[in-house]
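Reviewing the structure listed below.
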Amino acid sequence: MARTNVMSTKVILAALAAAVLIAVSSIATYAFIVNDQSAEFSVFSSSEESKRAHFMNLDKFVITIDGEERTHYLMLELALKTSSSKAHDQLIEYKPLARNVLLKMFSQSTFEELRQMDEIERMQTEVLGKLRQAMALNGYAYQIDEVLFTKLVLQ
Numbered sequence: 000m001a002r003t004n005v006m007s008t009k010v011i012l013a014a015l016a017a018a019v020l021i022a023v024s025s026i027a028t029y030a031f032i033v034n035d036q037s038a039e040f041s042v043f044s045s046s047e048e049s050k051r052a053h054f055m056n057l058d059k060f061v062i063t064i065d066g067e068e069r070t071h072y073l074m075l076e077l078a079l080k081t082s083s084s085k086a087h088d089q090l091i092e093y094k095p096l097a098r099n100v101l102l103k104m105f106s107q108s109t110f111e112e113l114r115q116m117d118e119i120e121r122m123q124t125e126v127l128g129k130l131r132q133a134m135a136l137n138g139y140a141y142q143i144d145e146v147l148f149t150k151l152v153l154q
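Numbering-wise, numbering that gives the first Met the number 0 puts 81 at position 82 of the sequence shown, and it's gapless, one number per residue.
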C-alpha cells in the first residue's frame with residue numbers, strides 16, 4: 000500500500016510539473032506574439048497584412064521652374080508605396096525629408112529639361128532612387144517600393 004501511495008504521489012507531481020510547463024510556455028508564446036516589434040515578418044502574422052500595399056500621399060507641390068524666356072511652374076502630387084503598415088507609419092515621420100528631396104530635385108531642373116522628359120516612369124525611377132538614398136542616410140529602416148505620380152502639371 001505504501002508503494003502505491005508513493006507511485007500516486009509521483010504521478011501527481013509529474014502531472015503538476017507538466018501543467019506548469021505548459022502554462023509557462025503558453026504565457027511566453029503569447030507575450031512574444033503580442034510584443035514582437037517585427038510582427039510583420041513573424042510566422043504568426045496575417046499573410047493578408049504582409050501582402051497589402053500601403054500608400055502615403057504627399058501634399059501638392061508647386062515649384063518654380065526657370066525657363067529660357069520666363070518662369071514656369073510645376074504642380075506635382077504623388078504617393079509613396081510601402082509593403083507594411085510599420086513602414087508606412089515610419090514614413091509619415093519622414094514626410095518632411097521626402098518633400099525636401101523632391102523640392103531640391105525638381106527646383107534644380109529647367110523647364111526645357113522637364114518638358115523633354117516625356118517618360119513618367121523614368122522620372123518616377125529617378126525620384127525613387129533619390130528618396131531611397133536620402134531616407135536610408137537618415138535612418139529610415141524600411142523600403143519604399145514605388146513612387147506614384149497622381150498629378151503632374153507643367154506650365
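Ideal Cβ placement from N, Cα and C applies to all residues, glycine included.
Cβ-based burial, residue i [other Cβ within 10 Å; buried from 16]
| i | result |
| --- | --- |
| residue 41 | Low local confidence applies: a pLDDT of 45 at residue 41 is under 50, so the model's placement there is unreliable, with the coordinate-based value given in what follows. The residue in question, residue 41, is exposed, as its Cβ has fewer than 16 Cβ neighbours within 10 Å. |
| residue 134 | buried |
| residue 136 | exposed |
| residue 61 | exposed |
| residue 81 | buried |
| residue 83 | buried |
| residue 130 | buried |
| residue 139 | buried |
| residue 101 | buried |
| residue 151 | exposed |
| residue 14 | exposed |
| residue 17 | exposed |
| residue 22 | exposed |
| residue 19 | exposed |
C-beta atoms of residue i and residue j nearer than 8 angstroms
| i | j | result |
| --- | --- | --- |
| residue 132 | residue 148 | no |
| residue 75 | residue 105 | yes |
| residue 64 | residue 73 | yes |
Whole-number beta carbon distance between residue j and residue i, since they are thought to touch under 8 angstroms
| i | j | result |
| --- | --- | --- |
| residue 79 | residue 97 | 7 angstroms |
| residue 142 | residue 71 | That pair is no contact at about 34 angstroms. |
| residue 55 | residue 11 | In fact, because the Cβ distance is near 59 angstroms, the residues do not count as touching under 8 angstroms. |
| residue 127 | residue 145 | 7 angstroms |
For residue i: DSSP bridge partner residues
| i | result |
| --- | --- |
| residue 147 | 78 |
| residue 152 | 74 |
CB contact below 8 angstroms: residue i versus chain D
| i | result |
| --- | --- |
| residue 59 | Going by chain labels, chain D is absent from the structure shown, which holds only one protein chain. |
*Could you tell me which uninterrupted beta strand (DSSP E) segments, each at least 3 residues in length, are contained entirely in the segment 52 to 125, listed from first to last along the chain?*
53 to 65, 70 to 81
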